[in-house]
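Just so we're aligned: the sequence shown equals residues 64 to 280 in this note's numbering. Virtual Cβ for every residue (Gly too), placed ideally from N, Cα, C. Bear in mind the structure is a predicted one, so any value in this text is a computation, not a measurement. Below: the structure, in structure tokens.
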Amino acid sequence: MDDPTVPVRQPGGGALPVVMRCGEAGCDAQPVEACAYVDSRGNACRTHWCEEHGSEVSGRRYCRRHAGTVAALGSKANNPRALPDVGHRGASLVRWVYRDLDPALTIILEKVSLANEHLLRDTEVAVGRAADGSRCWEMSWKLASPSGVRMRITLMVEEKDDSVVFVRMGDNVLASGVPPWIEARRSGQTLTEDEDREQRRSFYAFLEQYLTEAVSQ
Ligand SMILES: [Zn+2]
Ligand SMILES: [Zn+2]
């Protein structure tokens with residue numbers, strides 16, 4: 064990948080990096096801003112973007128990746144401890160898969176809900192703790208009645224690997240998998256639109272099948 068920063072010699076002899084191009088591949092526009100994202104460890108994104116390729120969330124400007132992260136965390140993005148490492152895509156991946164699965168999960172859970180229960184959906188990604196004590200990012204569906212939560216289905220991505228999505232029922236992991244679009248990116252494959260659609264369909268069908276069986280037991 065091209066490095067958009069070019070060191071410029073200063074009169075004093077020091078090199079000051081000057082950003083010449085937007086971080087978007089193929090965009091030669093002048094960058095107007097740096098991504099405002101700073102993770103829990105204090106590491107900043109520092110990529111630079113033109114007007115068109117940066118995004119605004121809650122009044123601050125970010126690169127597209129971190130706009131996705133901050134939007135997924137919603138109000139929780141105000142808690143520095145909730146912010147994943149600069150290179151970690153977990154929070155936005157959880158929200159993405161949650162939205163895609165939500166229509167099917169709603170049907171699956173409504174079929175098994177009892178008369179006094181209702182379905183609770185999360186609107187934001189929460190930071191939690193994985194079994195080994197490291198952080199994870201998650202969203203849940205819950206079947207709840209006035210006496211409490213009877214069933215909880217959770218999507219989770221762990222800190223140690225931001226490509227694997229886990230599906231939990233209560234505390235038990237039912238299934239895990241790498242979404243096909245991430246697998247394709249990792250292996251450098253370019254999928255046709257049809258291939259992409261088919262792979263997504265079969266990935267979600269796999270998760271829905273596990274969930275259908277699990278909730279009816
Ligand atoms: Zn641009
Ligand atoms: Zn960024």
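Within the region 90-126, complete beta strand (DSSP E) segments of at least 3 residues are found at 118-120, 123-125, given in chain order. Where ASP225 is concerned, there is no enclosing alpha helix (DSSP H), although the beta strand (DSSP E) around it starts and stops at 224-232.
Burial state of GLU221 is buried, judged by a 10 Å Cβ sphere holding 16 or more other Cβ atoms. Cβ-Cβ separation between ALA154 and THR132: approximately 5 Å, consistent with a contact (criterion under 8 Å).
Around the beta-carbon of ILE171, 16 or more other beta-carbon atoms lie within 10 Å, marking it buried. With contact defined as three or more Cβ pairs closer than 8 Å, the region 155-169 and the region 261-271 are in contact. Bounds of the beta strand (DSSP E) holding VAL220 are 211-221. Apart from sequence neighbours up to five positions away, the residues of its chain that approach LEU168 with a beta-carbon distance below 6 Å are TRP204, ordered along the chain.
Your pair LEU237 and LEU206 does not check out as a contact, with CB atoms roughly 16 Å apart and the cut at 8 Å. Counting along the chain, no alpha helix (DSSP H) covers ARG198; the unbroken beta strand (DSSP E) around it starts and ends at 198-208. Here the distance from the Cβ of HIS116 to the nearest heavy atom of ligand 1 is below 7 Å.
Residue state for GLY131 is assigned as helix, using DSSP reduced to three classes. Closest option to GLY117, judged by alpha-carbon separation, among ALA130, PRO209, ASN106, ALA107: ALA130. Applying a distance threshold of 6 Å between residue Cβ atoms and the heavy atoms of ligand 2 selects CYS98, TYR100, CYS108, THR110, TYR125, CYS126, ARG128, HIS129, given in chain order. DSSP lists PHE229 as the beta-bridge partner residues of SER239. With fewer than three CB-CB distances shorter than 8 Å, the region 208-220 does not count as touching the region 250-267. DSSP places ARG144 within a helical segment (H, G or I) once states are collapsed to three.
Inclusion of CYS85 in the 7 Å shell around ligand 1 follows from its C-beta lying nearer than that to a non-hydrogen atom of the ligand.
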